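Counting from 1, position 140 in the sequence shown corresponds to residue 140 in the UniProt record's numbering; the numbering is continuous, with no gaps. For glycine and all other residues, C-beta sits at the position ideal for the given N, C-alpha and C. Note that this is a predicted model, so its numbers are computed, not measured. Contents: one structure, followed by commentary.
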Amino acid sequence: MLSDRGYVIAEDDLQKSFAQFKEDWMANGQFRYTEIDNKNRQKFQILVEHKDNQSNTIFVSFIEEEKLGVDSIRRLVIYPKMNIVRPFFFMKKEEEIKSGFFCLIDFLKKVEITRGIIVALHDITPFASKVLERLNEALTIETFKQSELMINITKHQLVPKHIVMTEAEKKNLLTKYALKESQLPRIQKLDPVARYFGLKRGQVVKIIRPSETAGRYVTYRLVV
């Protein structure tokens, strides 16, 4: 998903088989947070840059609890010397946290990261959802259930190809067809494909469908 969004992911990670991933990271169907060493834990948390803009950095953190609650969000901290996001429950000494770690929001502001993804095993609690809504006023925090990421929905045979347009491409499109933004067909921000690409309101996505008569059929949709 990150690669499809344009972020730089190591080729070894992209080519790793599911069987190899399970061998490296899982035991009895669960992530082996407590059994792997610090080095591997740090590698499991993701912090990557966009290939076209190094200032566009995203972090991904995986939550072990059954439900994503406020406590889970509060436990997300990072080790500033290593630029790694990792769960608070890895830290055992309070003085270590105070001296070596900043809270998540302080860190994100410090290194100018404005986007993150939290992956939970199951649902997010209503109160945590409200907390994330407030956080999203300053930055973008997306949440996914682990089951939602088990398959790549964009590869399904019934899902047409989606291409996220740049601002320049959007402007050229509107100029070419003498359209206002409001005249474009719409796609909801919470549409599964829109969520997969992390689309924001105001962005435009190009959708290419096969056509028996024309070979292909192209439409454009505005994210709302």
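Can you tell me whether residue i is helix, strand or coil according to DSSP?
i, result
"residue 253", "Any answer about residue 253 is impossible in this case: the structure gives the chain only from 1 up to 224."
"residue 238", "Missing from the structure shown is residue 238; the chain here goes from 1 to 224 and no further."
"residue 146", "helix"
"residue 133", "helix"
"residue 49", "strand"
"residue 96", "Residue placement at residue 96 cannot be trusted, given a pLDDT of 40 that sits under 50; the coordinates are not used to answer."
Would you call the CB atoms of residue i and residue j closer than 8 Å?
i, j, result
"residue 26", "residue 149", "no"
"residue 208", "residue 221", "no"
"residue 116", "residue 197", "no"
"residue 162", "residue 145", "no"
"residue 193", "residue 159", "yes"
"residue 189", "residue 173", "no"
How many Å lie between residue i and residue j at the Cα?
i, j, result
"residue 205", "residue 217", "14 Å"
"residue 139", "residue 114", "5 Å"
"residue 185", "residue 53", "29 Å"
"residue 274", "residue 169", "Lying before the first or after the last residue shown, residue 274 is absent from the chain, which here runs from 1 to 224."
"residue 180", "residue 203", "13 Å"
"residue 23", "residue 166", "39 Å"
"residue 135", "residue 17", "35 Å"
"residue 13", "residue 48", "13 Å"
"residue 211", "residue 175", "26 Å"
"residue 5", "residue 213", "31 Å"
"residue 7", "residue 55", "11 Å"
"residue 128", "residue 215", "47 Å"
"residue 152", "residue 195", "12 Å"
"residue 15", "residue 63", "24 Å"
"residue 11", "residue 46", "14 Å"
"residue 154", "residue 219", "17 Å"
"residue 112", "residue 9", "20 Å"
"residue 21", "residue 3", "17 Å"
"residue 57", "residue 126", "28 Å"
Check the C-beta distance from residue i over to residue j and give it rounded, since I have them as a contact under 8 Å.
i, j, result
"residue 120", "residue 143", "7 Å"
"residue 201", "residue 224", "6 Å"
"residue 141", "residue 118", "6 Å"
Any heavy atom of the ligand MN closer than 7 Å to the beta-carbon of residue i?
i, result
"residue 57", "The ligand content of the structure shown is nil, which means the ligand MN is not present either."
>> My parser needs the beta strand (DSSP E) runs of 3 or more residues fully inside the stretch 152-216; what are they?
In response: 161-164, 204-211
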